[in-house]
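Contents: one structure, followed by commentary.
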Amino acid sequence: MVRSKVGKSQVETAPLGLGTNKVGGHNLFPNLSESDGLETVRAALESGIQLLDTAFMYGKGRSEELIGEVIADFPRDQVIIADKAAHDFSSGEMVLNNEPQFLKKSVDDALKRLKTDYIDIFYIHFPDEKTPKSEAVGALQELREAGKIRAIGISNFTLEQVKEANQNGFVDVVENYYSLIHRDEEEKLIPYLKDAHISFVPYFPLESGLLTGKYTKDSTFAENDRRSKSEKFTGKSFQNTMAAVDTLRPIARQHNVDVLQIVLAWYLANPDLTAVIPGARNAGQIPGIVQSAEVKLSKDEYDLINRNFLSV
Ligand SMILES: NC(=O)c1ccc[n+]([C@@H]2O[C@H](COP(=O)([O-])OP(=O)(O)OC[C@H]3O[C@@H](n4cnc5c(N)ncnc54)[C@H](OP(=O)(O)O)[C@@H]3O)[C@@H](O)[C@H]2O)c1
Numbered sequence: 001m002v003r004s005k006v007g008k009s010q011v012e013t014a015p016l017g018l019g020t021n022k023v024g025g026h027n028l029f030p031n032l033s034e035s036d037g038l039e040t041v042r043a044a045l046e047s048g049i050q051l052l053d054t055a056f057m058y059g060k061g062r063s064e065e066l067i068g069e070v071i072a073d074f075p076r077d078q079v080i081i082a083d084k085a086a087h088d089f090s091s092g093e094m095v096l097n098n099e100p101q102f103l104k105k106s107v108d109d110a111l112k113r114l115k116t117d118y119i120d121i122f123y124i125h126f127p128d129e130k131t132p133k134s135e136a137v138g139a140l141q142e143l144r145e146a147g148k149i150r151a152i153g154i155s156n157f158t159l160e161q162v163k164e165a166n167q168n169g170f171v172d173v174v175e176n177y178y179s180l181i182h183r184d185e186e187e188k189l190i191p192y193l194k195d196a197h198i199s200f201v202p203y204f205p206l207e208s209g210l211l212t213g214k215y216t217k218d219s220t221f222a223e224n225d226r227r228s229k230s231e232k233f234t235g236k237s238f239q240n241t242m243a244a245v246d247t248l249r250p251i252a253r254q255h256n257v258d259v260l261q262i263v264l265a266w267y268l269a270n271p272d273l274t275a276v277i278p279g280a281r282n283a284g285q286i287p288g289i290v291q292s293a294e295v296k297l298s299k300d301e302y303d304l305i306n307r308n309f310l311s312v
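Just so we're aligned: 287 in full-length UniProt numbering is position 287 of the sequence shown, and the numbers increase by one with no gaps anywhere.
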């Protein structure tokens, strides 16, 4: 896979990575198996995926610990760790914190959990309301100068907040919500990022499973399944997405793959994105993800998929 630079940093990544909020993210997802999480990360690395997207918030450090266990068995330069922090539980309740001291301590603590001496990409996970953005990013620049991180990221920042954070040109990458059915960032954020040589990594590329092709318009979710309360997985919105997903089925048949590979191939062909980080729940899902890198969509197919999902 062709590698590209993350912003202006020295970090280079292939476009296919792995999202790891289901690796140890017990506070976010019920009934997660840690052995499945460990095997998922191992299977991804063994299949050639290098970019692992984690965060303190995924299990309050547990995802980082599990990843640390697995990467110990691989050469460090074969792994690209993207990590995040901002959630501060020190007062007993969760507050977002971007203060320089908090970010510096977060990186030091994350390095211990990951059992490594540098983090390739470090994101401020969410903006807080009080810290001047350029001060927060300034702290990450100091961490970069100290060799503890290699690239500076911000996540869940609006365009105005990104501009404020990037006053000194230190920001390398933005990670925000963007998917085939959630295209808001195309209008303003992405054009700014391109001009400023900042990479873009979208999260929720599979819309939490909605775009994998495993659901149809007749799918329903049990009362105790949180998807039964989600707007995206119910009602008109669900029906519209399923209708758009159905338009992918003939394209998938043409390529002899499943819908999931066609969806990921669309992101991989999207020139606005530096990497895509689908999440997986178990190692069995890794081959399907990896296979997407072999699918080459024609320009007509890419444009057709683009159009079919624009109106969802
Ligand atoms: N920066 C942020 O604030 C932020 C926020 C959210 C997420 N993220 C990052 O983005 C990553 C991606 O988001 P996500 O994992 O929540 O959602 P996602 O990538 O949109 O969807 C992941 C889900 O797709 C399904 N899936 C994956 N491979 C499959 C396969 N081969 N066959 C069938 N189903 C498959 C699984 O669903 P099932 O679980 O139903 O099996 C999996 O849990 C996260 O892991 C995290 O690293 C960042």
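For glycine and all other residues, C-beta sits at the position ideal for the given N, C-alpha and C.
Among the options, whose alpha-carbon lies nearest the alpha-carbon of residue i?
i, options, result
"V95", "E142, P127 and K115", "P127"
"L206", "V174, L273 and I181", "I181"
"A44", "V295, S298 and A283", "A283"
"A244", "R281, R307 and G235", "R307"
"L304", "L159, P250 and V6", "P250"
"D36", "T216, V257, Y302 and V70", "V70"
"K163", "K133, A139 and I149", "K133"
"S311", "D184, I80, K214 and N98", "D184"
"G7", "N97, D77, Y203 and A196", "A196"
"L51", "L38, E34, Q78 and P271", "Q78"
"P278", "T54, D218, K229 and S199", "T54"
"L18", "L264, V137 and E99", "L264"
"E64", "A252, K229, T116 and R76", "T116"
"A280", "E223, F233 and Y203", "Y203"
"A252", "N240, Y302, F89 and E129", "Y302"
"S240", "K217, G61 and N224", "Looking at the sequence shown, residue 240 is not Ser but Asn. The candidate whose alpha carbon is nearest that of N240 is K217."
"N166", "I149, E145, Q141 and R62", "Q141"
"S47", "E93, G288 and E160", "G288"
Is the closest heavy atom of ligand 1 to the C-beta of residue i under 7 Å?
i, result
"L189", "no"
"R281", "yes"
"E185", "no"
"T20", "yes"
"Q50", "no"
"N156", "yes"
"I289", "yes"
"K105", "no"
"Q141", "no"
"K214", "yes"
"G209", "yes"
"K60", "no"
"L260", "yes"
"I277", "yes"
"L206", "yes"
"Y203", "yes"
"D53", "yes"
"K232", "no"
"H125", "yes"
"E175", "yes"
"K229", "no"
"Q285", "yes"
"K84", "yes"
Measure how close the beta-carbons of residue i and residue j come, nearest whole angstrom, since I'm counting them as under 8 Å.
i, j, result
"Y123", "G169", "Not quite, the Cβ-Cβ distance comes to about 17 Å (not below 8 Å), so this is no contact."
"L28", "G68", "Not really, about 19 Å apart at Cβ, beyond 8 Å."
"residue 354", "L211", "Since the first residue shown for the chain is 1 and the last is 312, residue 354 is missing from the structure and cannot be characterised."
"A151", "V2", "With 8 Å as the limit, A151 and V2 do not qualify as a contact, their Cβ atoms being about 18 Å apart."
"L16", "L297", "The Cβ separation is near 15 Å, so there is no contact."
"V26", "G59", "The sequence shown places His at residue 26, rather than the Val named in the question. The Cβ separation is near 5 Å, so the contact holds."
"T274", "V201", "6 Å"
"V259", "G213", "3 Å"
"V257", "V290", "So it is not a contact: roughly 12 Å between Cβ atoms."
"A72", "L103", "Wrong, their Cβ atoms sit about 25 Å apart, outside the cutoff."
"L38", "K22", "L38 to K22, Cβ: 12 Å. No contact."
Between residue i and residue j, is the Cβ-Cβ spacing less than 8 Å?
i, j, result
"S91", "F56", "no"
"D172", "S9", "yes"
"V174", "L143", "no"
"I49", "A82", "no"
"I286", "T40", "yes"
"Y177", "G147", "no"
"D272", "I190", "yes"
"K84", "H125", "yes"
"I80", "T158", "no"
"S292", "Q254", "no"
"P75", "A139", "no"
"N156", "T131", "no"
Hey, which unbroken runs of the alpha helix (DSSP H) at 4 residues or more fall wholly within the region 226-250? 235-246
Quick check for students: name the residue ranges of the beta strand (DSSP E) that lie wholly in the region 5-72, counting only runs of 3 or more. Secondary structure remark: continuous beta strand (DSSP E) runs of at least 3 residues inside the region 5-72, in chain order: 17-19 and 51-53.
Fill in: Segments assigned beta strand (DSSP E), at least 3 residues, entirely inside the region 147-177
Fully enclosed beta strand (DSSP E) runs of 3 or longer: 149-155 and 173-177.
Notebook entry, point to check: What are the uninterrupted segments assigned as beta strand (DSSP E) that are 3 or more residues long and contained completely in the region 240-311, given in chain order?
Noted result: None, since the region 240-311 contains no complete beta strand (DSSP E) of that length.
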